[in-house]
Amino acid sequence: MNRALLRLSLACLAMFVLLLLNINYVQAFKATKLAAEPGNIRVFDQQFSYQRGAIMAAGDGTDLKIAESRLIKGTTTYQRYYPQGKVYAPVTGYDTIYSQSGIEQAENSLLAGTSPQLAVHNLTALLTGKQKQGATVELTVSPAAQKAAYDALTADGGHAAAVVAIQPSTGAILALASYPTFNPNDLTTFNGSTLNKVDHRLLTDSTQPLLNRAIQETYPPGSSFKIVTSSAAFSHGLVKNPNTLVNAPEPLRLPNGNDLINDGGEICGDGHPPIIQAFWMSCNTAFGELGMKLTAPTLRQYSSQYGMNRPLSIPLPVVPSVMPKGRYWLDPSLTAFSAMGQFNDAVTPLQEAMFSAAVANHGKLMYPYLVQQVVGPGLSQIQRANTRLLSQAASPTVAGYVQSMMYQVTNNPGGTAYATAGPQATGGITIDGKTGTAQNGLNNGNLNDAVFTCFVPGSNGQPSPIAVGVIVQGGGFGADAAAPIAVQVIKAYLGAHS
Amino acid sequence: MSVPANIDQPVLMPHGRRRTELVMLGFAVAVVLFAYGAVGLGLKGKLPPGLPVQVLVFAALMLAAHLAIRRFAPYADPLLLPLAGLLNGLGLVMIYRLVQSGRNGNPGFHVTDLSTSATTTQLLYTTVGILAMVAVLVLISEPRVLQRYTYTLGALGLVLLAIPALLPASHSVVNGAKVWIILGGGFSIEPGEFARLALAVFFAGYLVAKRDALALAGRRVLGIDLPRARDLGPVLAAWAASLLILIFETDIGASALFFGMFIAMLYVATQRTSWLLLGVLLFLAGSWLTALLFGHVMERFTIWLHPFQGSNPTNSSFQLVQGLEGMAFGGLFGTGLGQGQPYHTPLVQSDFIFSAFGEELGLVGVMALLLVFGLLVQRGLRAALAVTDPFSKLLVGGLSFVLALQVFVIVGGVTGLIPLTGVTTPFLSQGGSSLVASWILVGLLIRVSNSARKPAPQPIQDEGMTQVVRAA
């Protein structure tokens, strides 16, 4: 009978081997997938049983805590808290018991401590009996600029608006504000039904407070797009330099028989002004004609060089700013409108800041980013930002030409933003910019959106410190509604960095 | 052939290795002691107040068992008691941990159907189990003694199996399985656990008597010797009995164990592959038939194949999903005793106790647990191989196999390897019947391993000039 017993032993061995293989499969191989199963109670409960990492605004040299997890007195549960309330909501996003948005979502695995990059930390914590802890995320955001941006948008008087500030030489985002916004502290409750009520209120609010207008919504760029059109014209030799004369009729008869007119039917200089004057006065006909000569594909190529027509991750997802290839996009009459930022052109406020940032950085457009570094529980650096080139928007020469034209917009008494962003308005700070007053809506029936993009030029060998993009929905003239917001952000930032 | 003894050298008395057993037992008790302490430290950061008394009682029980083995089975395998003791002790620790969940200011929820006194009760059952094991050693001086009671135990086994089926549901159903005798006062017995042991003895006795007849070749078809039709009787009877358990007691696990044990013993007795094939075919046919006829059998298959599909995780497969997620949560090293959330899994104290170990001790912990079970089975099979008496061989071979099969059915079930069926995890699950039956099983293994390892009677030494002849 021993032969049969030996075979029986082999059967027993096989059963144990199968069990061992299977528990390895469940607990090692498939563990991550099981942890991500929707409704995993353990993972759900655990996220509040240890301290989630803090989020800091580190753009002014000192760290300002903008999100932290606090131990609820008398319990072992941590609750999220946003000391700055609404000010940083478009940046941090929220962290509810069910989901996250903003940085809370984009950096969730590091904040929660579940990222593989923290595996060594977690193992050390396990072995030394310390409590598991999330990593701290330090942002490039400047508290001074962010506060100014939030205050300026709030004071504007109820228009939906957004502002983004970038450091042109690195792409570091210094401010990112959207209005109306929400208070993320309203969403940190552990009570599911309270949360549902708040969530319902925010979702049904017609002012869309959860919408991050700075990066998730696009608006027609209006005349600010003339930065792209003139870059293309210089680069293609269509216009030699800023003093080259261009044709600026009033009106411009389009191939389809319609007329393109300047704002208010204004005559642009003598009808043949140098391009620099057409730019500071923001004459539509001059750029409309240049656009038709350049053709739509060329314009689109330059818009791409300025960072358009592609999604970005900062690491929050940014909707692409576009000059789309629509059904009629090759029609020259419509290209004339595209060339001055109308027709189907649509950009985010972030893109507005990127237009200026590219010009300010001698044509080099840096990839915008929010996370400066991630610091582990042991204060060791886990991740740091590496600045990288997004694209070469224009040659340094062309960028210089565009910069000289943007200087006139704010510093020439005839410039569109002389009154609101000129030397008197800024208290001596030199700003180069471009206004936009974008018609939108069906048959352009809505109130015009106010657009302003600008930067503080570098001086004495120092790179440009800041570029700002502002869009005020229904704000009217860019110079009136948008430029003052940009000026306040710049003043606050330079004030904190002088 | 005869070998003359060398009378100049002292004869080495083969030793029973009882000291090894004591040392290993000390090791097992130490592991249990530390695990018990770790539960308290994990839950509250301090040692449990009941620790000294409960561990002392446990250690005393193990020592008593050891002394009984010294007295009644001095040549027994020295690993059997420490392995079983370690499993029993860890089961106690986990039950203590689960009782504490959500009580006395500890984190977590109450585990339903687990009373505050469950740890003490389980320690009491351990005592009964050790007493039962010692009784086996005392009453059954030689394994062959049991052979006399082949048919008595067979009848007893059948009666024990049948009782829950015959009792009204109010006296026999717990958690959907009609396998209990509910005696009132919160006390109930699962007779199937004992029936399995009685039937193992019956099968061993019956098969030893009839194995020549069963091994007789019938016709040979396609290289397989088919049995004669009239020899099929006992096989069909066992199959019918296991189907009846399945149908009337809705207990797939017990039915599989019962039939698996029978087929394994039949194979060992006859060495005929044809019986094995026939058994497997009958089992598959039975499963398929019952799956078609009974919704609850089909549902087990659905849960097994699609645990995460649709609304299954919150309904039918909730328990399995909780167990799996718990084990995954534990990962490689586990959360540590007292620091996981095993209380989310329904019936975690009985059917799903293995997943609680997986969660809190991690992959390394449950691999060690499985190896302990594997070692216990291996020591049993070793005794079966070594013992000469065919009845003992068959009995211990069958019991070792059914232990392995039980671990496979329940651990495979909770880890999603095979469809889940409710059988207890030997030594670990909360509950008296399973624990006492497991200790009786270990008692039988110890008894047979003693016979296997006992040295042949020594020839009388130095009797003047008498020539000593030893039969080889």
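Protein chains in written order, with our numbering: chain A, 6 to 503; chain B, 3 to 474.
Cβ atoms here follow ideal geometry from the backbone N, Cα and C, with glycine treated the same way.
- For Ile266 of chain A, the three-state secondary structure derived from DSSP is coil.
- Between Glu222 of chain A and Ala253 of chain A, the gap from beta carbon to beta carbon reaches 9 Å or more.
- The three-state reading of DSSP puts Glu222 of chain A in coil, since its state is none of H, G, I, E or B.
- The beta carbons of Ser236 of chain A and Gln282 of chain A sit no closer together than 9 Å.
- Within the model, the alpha-carbon separation for Leu394 of chain A versus Phe457 of chain A is close to 24 Å.
- Going by DSSP, Asp454 of chain A is part of no alpha helix (DSSP H) but of the beta strand (DSSP E) stretching over 454-461.
- Taking CB atoms only, Asn27 of chain A has a neighbour in chain B less than 9 Å away.
- Interface with chain A (9 Å Cβ-Cβ cutoff): Val409 of chain B is included.
- Under the three-state reduction of DSSP output, Gln351 of chain B falls in the coil class, being neither helix nor strand.
- Contact annotation: the region 181-189 of chain A touches the region 80-96 of chain A, with at least three C-beta pairs closer than 8 Å.
- Our two residues, Phe189 of chain B and Leu125 of chain B, have alpha carbons roughly 15 Å apart in a direct line.
- Short of 7 Å from the beta carbon of Ala67 of chain B, and not among the five residues preceding or following it, lie these beta carbons of its own chain, in chain order: Leu83, Ile132, Met135, Val136.
- Contact between Ile412 of chain B and Thr426 of chain B holds, since their C-beta atoms are separated by about 7 Å, short of 8 Å.
- Nearest to Gly64 of chain A by alpha-carbon distance, out of A:Val251, A:Gln378, A:Gln105, A:Lys35, is A:Gln378.
- Residues of the same chain with a CB within less than 6 Å of the CB of Met26 of chain B, apart from the 5 flanking positions on each side, are Pro84 in chain order.
- A:Ser338 is the residue among A:Tyr372, A:Ser198, A:Ser338 whose C-alpha sits nearest the C-alpha of Asp264 of chain A.
- For Tyr127 of chain B, the number of other beta carbons within 10 angstroms of its own is at least 16, and it is reported as buried.
- Under the 9 Å criterion on CB atoms, Met96 of chain B is classed as non-interfacial with respect to chain A.
- As a beta-bridge residue in DSSP terms, Arg85 of chain A pairs with A:Ser74.
- Per DSSP, the beta-bridge partners of Ser318 of chain A are A:Pro322.
- Contact annotation for Lys395 of chain B against chain A: Met6, Asn7, Leu10 [CB-CB distance below 9 Å, chain order].
- In the three-state scheme derived from DSSP, where H, G and I count as helix and E and B as strand, Arg258 of chain A is classed as strand.
- By the CB criterion at 9 Å, Ile183 of chain B and Glu192 of chain B fall inside the cutoff.
- In this structure the region 354-363 of chain B touches the region 419-439 of chain B; the number of beta carbon pairs closer than 8 Å is three or more.
- Ala491 of chain A is positioned such that its CB atom lies closer than 9 Å to that of Val168 of chain A.
- Around the beta carbon of Asp350 of chain A, a 10 Å sphere encloses 16 or more other beta carbons of the protein chains shown; the residue is thus reported as buried.
- Taking C-beta atoms as the reference points, Thr97 of chain A and Ile46 of chain A fail to come closer than 9 Å.
- Checking the DSSP bridge columns, you'll see Thr431 of chain A has no partner listed.
- The shortest C-alpha to C-alpha distance from Phe204 of chain B to any of B:Leu160, B:Met300, B:Arg73 is the one to B:Leu160.
- Proximity of chain A to Val270 of chain B at the Cβ level (cut-off 8 Å) is accounted for by Met6, Ala9, Leu10, Leu13, in chain order.
- In the structure shown, the three-state DSSP call for Arg389 of chain A is strand.
- For Met286 of chain A, no alpha helix (DSSP H) encloses it, and the DSSP letter there is neither H nor E.
- A distance below 9 Å separates the beta carbons of Gly382 of chain B and Val398 of chain B.
- Separation of the CB atoms of Ile272 of chain A and Glu255 of chain A is rounded to 5 Å, and the pair is thereby assigned contact status at 8 Å.
- It is roughly 24 Å from the alpha-carbon of Ile77 of chain A to the alpha-carbon of His346 of chain B.
- Using a Cβ-Cβ cut-off of 9 Å, Glu327 of chain B counts as an interface residue toward chain A, since at least one Cβ of chain A sits closer than that to its own.
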